[in-house]
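Protein chains in written order, with this note's numbering: chain H, 1 to 484; chain U, 1 to 46.
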Amino acid sequence: MSKIVILGAGISGHVAAAHLRRKLSKEHEVLVVSPNSNYQWIPSNIWVGIGRMKSDQILFPLAPLYKKKNISFKQALVTTFHPEGDAETKSAYVKIKYVTGEEKGKIENITYDYLINATGPKLAFDMTEGLNPGTNKAYSVCTYSHAEHAWHALDDLIQQMKQGKKAKILIGTGHAKSTCQGAAFEYILNVEQELRRHNVRDQAEVIWIANEFQLGDFGMDGVLLSYGDNIMKSSEMVEMVFEDRGIKWILGAGVNKIEDGIAHYETLDGEYKSETYDFAMLIPAFSGHGFKAFDKNNEDITEKLFKGFMLVDADYTAKPYEEWSVQDWPETYQNPSYKNIFAPGIAFAPPHAISKPRVSKNGTSISPAPPRTGMPSGITAKLVADNIIDTINGKKGLHHKGSLGNMGAACIASAGYGMTKGSGVSITTYPIVPDYNKYPDTQGRKLGKTFGEIGLAGHWLKLALHYAFIYKAKMKPFWWLIPE
Amino acid sequence: MTQRISKSKRFYMMNPIIQFFKFIWLSIKIMLVVAGGHGGTRKANN
Ligand SMILES: Cc1cc2nc3c(=O)[nH]c(=O)nc-3n(C[C@H](O)[C@H](O)[C@H](O)COP(=O)(O)OP(=O)(O)OC[C@H]3O[C@@H](n4cnc5c(N)ncnc54)[C@H](O)[C@@H]3O)c2cc1C
Numbered sequence: 001m002s003k004i005v006i007l008g009a010g011i012s013g014h015v016a017a018a019h020l021r022r023k024l025s026k027e028h029e030v031l032v033v034s035p036n037s038n039y040q041w042i043p044s045n046i047w048v049g050i051g052r053m054k055s056d057q058i059l060f061p062l063a064p065l066y067k068k069k070n071i072s073f074k075q076a077l078v079t080t081f082h083p084e085g086d087a088e089t090k091s092a093y094v095k096i097k098y099v100t101g102e103e104k105g106k107i108e109n110i111t112y113d114y115l116i117n118a119t120g121p122k123l124a125f126d127m128t129e130g131l132n133p134g135t136n137k138a139y140s141v142c143t144y145s146h147a148e149h150a151w152h153a154l155d156d157l158i159q160q161m162k163q164g165k166k167a168k169i170l171i172g173t174g175h176a177k178s179t180c181q182g183a184a185f186e187y188i189l190n191v192e193q194e195l196r197r198h199n200v201r202d203q204a205e206v207i208w209i210a211n212e213f214q215l216g217d218f219g220m221d222g223v224l225l226s227y228g229d230n231i232m233k234s235s236e237m238v239e240m241v242f243e244d245r246g247i248k249w250i251l252g253a254g255v256n257k258i259e260d261g262i263a264h265y266e267t268l269d270g271e272y273k274s275e276t277y278d279f280a281m282l283i284p285a286f287s288g289h290g291f292k293a294f295d296k297n298n299e300d301i302t303e304k305l306f307k308g309f310m311l312v313d314a315d316y317t318a319k320p321y322e323e324w325s326v327q328d329w330p331e332t333y334q335n336p337s338y339k340n341i342f343a344p345g346i347a348f349a350p351p352h353a354i355s356k357p358r359v360s361k362n363g364t365s366i367s368p369a370p371p372r373t374g375m376p377s378g379i380t381a382k383l384v385a386d387n388i389i390d391t392i393n394g395k396k397g398l399h400h401k402g403s404l405g406n407m408g409a410a411c412i413a414s415a416g417y418g419m420t421k422g423s424g425v426s427i428t429t430y431p432i433v434p435d436y437n438k439y440p441d442t443q444g445r446k447l448g449k450t451f452g453e454i455g456l457a458g459h460w461l462k463l464a465l466h467y468a469f470i471y472k473a474k475m476k477p478f479w480w481l482i483p484e
Numbered sequence: 001m002t003q004r005i006s007k008s009k010r011f012y013m014m015n016p017i018i019q020f021f022k023f024i025w026l027s028i029k030i031m032l033v034v035a036g037g038h039g040g041t042r043k044a045n046n
């Protein structure tokens, strides 16, 4: 009998738990530890943030589902890692702290045979002075409660605009090293469309602010894609959409301080500037959770497990951009020091960025951190689960591999909500991490498999995916037929 | 606002009948990219 402990019940933790439970016999225990009682389909937070969906449409409680499916669940936070056990607890364990109910505050040691760290990112608002969702007129859509809060503020502003107020709306990244530009891109297009729907578009100045060097970088160094019969850069596509929608942009901006209605930022030219606003949605930096790890003698071994995020089978040797290679990226998400620990999704430490790193004249690093979207999070979680199952069944070696350099991703960016008025920018990328050796003439990507489309069908597709993935997450009949 | 998308292109983008077929085409194309598999990169750059 094996015990598999999964930390986190986001996309990757939940996918791993579901597959493990489906494929492993009942004698093996699957235990999920996560602080949130709900599963949330994060991509639809965009629509909560414009008031077109309620948060209860994008979430469901985990405990009843896990009970029904025979997955153990503890609503708690992991605090420390003890991969060798210690004098008291002989086998490997993690320390957890309950966050709710009668047990709130209680600490418990949870032993494991296999550990999947799927704790995603820490939303590091504290890395930008004054950036705290709901204060200084700046909001976030990173969680459903943040998104609800953002909608209340935006709705309030729209009502004021209906009375004649002129407003400035600023959307983008809230830190020089933020990632997840795609989510901010979706939000700005959705907000712009809602302003038109409410007939207040003329009263608003809508501005994109980002740490990207070029529009459409998305933390992936941009993509060269087929668009109809043309071959286009993602920067050209986004520029076309922004100009058409009357959205202005500020690029190469490292936001470093937020005051009431003012965003201060540094540019790549080394200038310090600021932009005023009436409503802002700024994506924070994503960081590791700051976990600590200890060996059996209680010596600190954090550097064996973490480099911000968790260390896995990547090549972490520091090298210049020109020497980055697709082979640097991990394939199995296994920790090199402790072979029974894995970190899929956002929880693993990337070897380096994907976008070319850029530094301002003052030495501040201003460029996107690498994104890890929902699809690769799900795929990496499933392959980790499959490797654990194989190992339990006595198979030698890890046979399931999935490097971001040999994996495609579909990004269906919502550009506005509505069954007849909605729109989506659908972009697929293959591979996610460019392979310049394999595809030297097309900026590291395979054309045909890297394409873009704009239109109503994109909205329908995004909505269809919303329902399909919630169905899948609820583990309804034949859920496993829906790919990650 | 600068009109960067022509009227005919906009019609194409927002026409529900055309877009219905686009929806099917997109779903298949995305499935092919997604279900096209994944793997490692280190052995023979496979
Ligand atoms: C607004 C927004 C829109 C997005 N839109 C898209 C999109 O359209 N398409 C797409 O592909 N991707 C999208 N993404 C990205 C996608 O949401 C992420 O890639 C995905 O959620 C990553 O999954 P994960 O499981 O690694 O991390 P998360 O989903 O962040 O899950 C982490 C889990 O760990 C738990 N946790 C945290 N700390 C602890 C702890 N100490 N102990 C135990 N558990 C802990 C959390 O509660 C959570 O359950 C979007 C992201 C955002 C913010």
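Glycine included, each C-beta is placed from N, C-alpha and C at the ideal position.
Nothing here was measured: the structure is a model prediction, and the numbers come from that model.
How should residue i be labelled, buried or exposed, when 16 other C-beta atoms within 10 angstroms of its C-beta is the threshold for buried?
| i | result |
| --- | --- |
| D229/H | exposed |
| R4/U | exposed |
| G405/H | buried |
| K162/H | exposed |
| Q159/H | exposed |
| P368/H | buried |
| I6/H | buried |
| T332/H | buried |
| K43/U | exposed |
| L481/H | exposed |
| F73/H | buried |
| H14/H | buried |
| T317/H | exposed |
| P133/H | buried |
| S12/H | buried |
| D278/H | buried |
| N46/U | Unreliable positioning characterises N46/U in this predicted model, as indicated by a pLDDT of 41, which lies under 50. The coordinate reading is nonetheless provided below. Exposed is the call here. |
| T491/H | Since the first residue shown for chain H is 1 and the last is 484, residue 491/H is missing from the structure and cannot be characterised. |
Check for me: the alpha helix (DSSP H) holding residue i runs from which residue to which?
| i | result |
| --- | --- |
| G378/H | 374 to 392 |
| S2/H | Counting along the chain, S2/H falls outside any alpha helix (DSSP H), and DSSP gives it neither H nor E. |
| L461/H | 456 to 473 |
| L305/H | 302 to 305 |
| S27/U | 16 to 35 |
| A47/H | One point to set straight first is that residue 47/H is Trp, not Ala, in the sequence displayed. From DSSP, the alpha helix (DSSP H) with W47/H extends over 45 to 48. |
| G172/H | Unbroken run through G172/H is the beta strand (DSSP E), 167 to 173; no alpha helix (DSSP H). |
Closer than 7 angstroms by beta-carbon distance: list the chain H residues that pair up with residue i, in chain order.
| i | result |
| --- | --- |
| F23/U | A457, W460, L461 |
Can you pull the chain H neighbours of residue i, defined as C-beta to C-beta under 8 angstroms?
| i | result |
| --- | --- |
| S27/U | L461, A464 |
Residue range of the beta strand (DSSP E) that residue i falls in?
| i | result |
| --- | --- |
| L225/H | 224 to 227 |
| A263/H | 262 to 267 |
| A153/H | Careful: A153/H lies outside any beta strand (DSSP E), inside the alpha helix (DSSP H) at 144 to 162. |
| I209/H | 204 to 209 |
| Y272/H | 272 to 276 |
Against residue i, what residues of chain U qualify as contacts under a CB-to-CB distance less than 8 angstroms, listed in chain order?
| i | result |
| --- | --- |
| V483/H | Sequence inspection shows Pro at residue 483/H; the Val mentioned does not correspond to that position. M31, V34, A35, listed in chain order. |
| M240/H | R4, I5 |
| D244/H | M1, T2, Q3, R4, I5 |
| S12/H | Under the 8 angstroms cutoff, chain U gives no residues; its nearest Cβ is about 15 angstroms from S12/H. |
| S337/H | What S337/H touches in chain U: nothing, since even the nearest Cβ is about 20 angstroms away. |
| S423/H | M13, M14 |
| S426/H | L26, I30 |
Residue i versus chain U: which residues are under 7 angstroms apart at the beta carbon?
| i | result |
| --- | --- |
| W208/H | Under the 7 angstroms cutoff, chain U gives no residues; its nearest Cβ is about 15 angstroms from W208/H. |
| Q327/H | T41, R42 |
| S186/H | Reading off the sequence shown, one finds Glu at residue 186/H, where the question assumed Ser. Ordered by position in chain U, no residue passes the 7 angstroms Cβ test against E186/H, which lies about 17 angstroms from the chain. |
Using a C-beta to C-beta distance shorter than 9 angstroms, which residues of chain U count as neighbours of residue i?
| i | result |
| --- | --- |
| Y430/H | V33, G36 |
| S226/H | Chain U residues near S226/H: none, gap ~11 angstroms exceeds 9 angstroms. |
| E192/H | Simply none; closest approach about 10 angstroms. |
| E331/H | G39, G40, T41, R42 |
With a cut-off of 8 angstroms, does the C-beta of residue i fall near any C-beta of chain A?
| i | result |
| --- | --- |
| D313/H | No chain A appears in the structure shown, which is made up of the protein chains H and U. |
Using a beta-carbon distance cut-off of less than 7 angstroms, what residues from the segment 396 to 420 of chain H approach chain U? Look at the segment 396 to 420 of chain H: the residues with a C-beta under 7 angstroms from a C-beta of chain U are K401, G402, S403, G405, N406, M407, G408, A410, T420.
Between the segment 49 to 71 of chain H and chain U, which residues of the former have CB atoms less than 7 angstroms from a CB of the latter, in chain order? none
Taking only runs of the beta strand (DSSP E) that begin and end inside the segment 82 to 126 of chain H, which ones reach a length of at least 3 residues, in chain order? 93 to 98, 107 to 111, 114 to 117, 122 to 124
Closer than 8 angstroms between beta carbons: that is the criterion. Which residues of the segment 361 to 381 of chain H meet it against chain U? M375, I379
Quick check for students: name the residue ranges of the beta strand (DSSP E) that lie wholly in the segment 402 to 440 of chain H, counting only runs of 3 or more. 409 to 416, 423 to 429
Output, in sequence order along the chain, the residues in the segment 159 to 173 of chain H whose CB is closer than 8 angstroms to any CB in chain U. Flagged: no residues at all.
Give, in chain order, every residue of the segment 439 to 454 of chain H whose Cβ lies closer than 7 angstroms to some Cβ of chain U. K449, E453, I454
Which full runs of the alpha helix (DSSP H) of 4+ residues lie inside the segment 224 to 258 of chain H, going along the chain? 234 to 245
Extract the residue ranges of the alpha helix (DSSP H) inside the segment 7 to 81 of chain H, only unbroken runs of 4 or more that lie entirely within it. 11 to 23, 45 to 48, 62 to 69
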